[in-house]
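J.: Residues in the sequence shown are numbered consecutively from 72, following our numbering.
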Amino acid sequence: MGKFLTVMTHLHTLAGPSVMLLYPLYASVVAIESTSKLDDEQWLAYWILYSFLTLMEMVLQPMLQWIPIWYDLKLAMVAWLVLPQFRGAAFIYEKFVREKLISKYGARYFRDKSSPPPPAAAKVSLKPNEDRID
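1. So, is Y176 buried or exposed, given that buried needs 16 or more other C-beta atoms within 10 angstroms?
2. If you check the beta carbons only, do A116 and Y164 fall under 9 Å apart?
3. With DSSP as the reference, label P155 as helix, strand or coil.
4. Using 8 Å as the Cβ pair cut-off and three pairs as the minimum, do the stretch 151-164 and the stretch 126-136 touch?
5. Give the range of the alpha helix (DSSP H) segment to which L124 is assigned.
6. Can you name the start and end residues of the alpha helix (DSSP H) that R169 belongs to?
7. Going by Cα to Cα distance, which pick from P139, A86 and K171 is closest to L146?
8. By the three-class DSSP mapping on this structure, what secondary structure does W137 have?
9. Going by C-alpha to C-alpha distance, which of Q136, W114 and A160 sits closest to L96?
10. How many angstroms separate the CA atom of I173 from the CA atom of G73?
11. So, with DSSP's three-state summary, where would you put T106?
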């Protein structure tokens with residue numbers, strides 16, 4: 072039984088960074104390289120929520136240390152945010168974060184996702200020794 076608990080402890084220690092950082096980093100790079108905007112939204116929302124969770128965890132650390140299953144709860148919550156079957160990060164962002172931002176600042180600050188981006192301003196550059204009329 073002692074060896075089993077040792078193995079489980081090591082797996083538990085590796086699961087956190089794998090679920091919370093390694094897979095999201097890999098999936099974010101894949102999302103950047105893909106043409107789909109759906110995965111971009113999922114991973115941007117994940118990093119927003121993960122950053123917020125980490126900040127809140129730092130602030131509430133004196134209270135959280137008294138909750139023995141905090142790490143397990145956090146791991147389960149982050150797994151729900153990360154796993155593509157659930158798309159938890161996009162769900163939380165759309166239902167709660169975006170709603171609060173729109174109600175506070177108004178929809179005019181959020182561009183419609185279906186509209187194309189505004190055209191870039193034309194760049195004019197003159198290189199040294201370029202043919203100029205003086």
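Using N, Cα and C, we set each Cβ at its ideal position, and we do this for glycine too.
T.: In terms of the structure at hand:
1. exposed
2. yes
3. coil
4. no
5. L109 to V130
6. R169 to Y176
7. A86
8. coil
9. W114
10. 53 Å
11. coil
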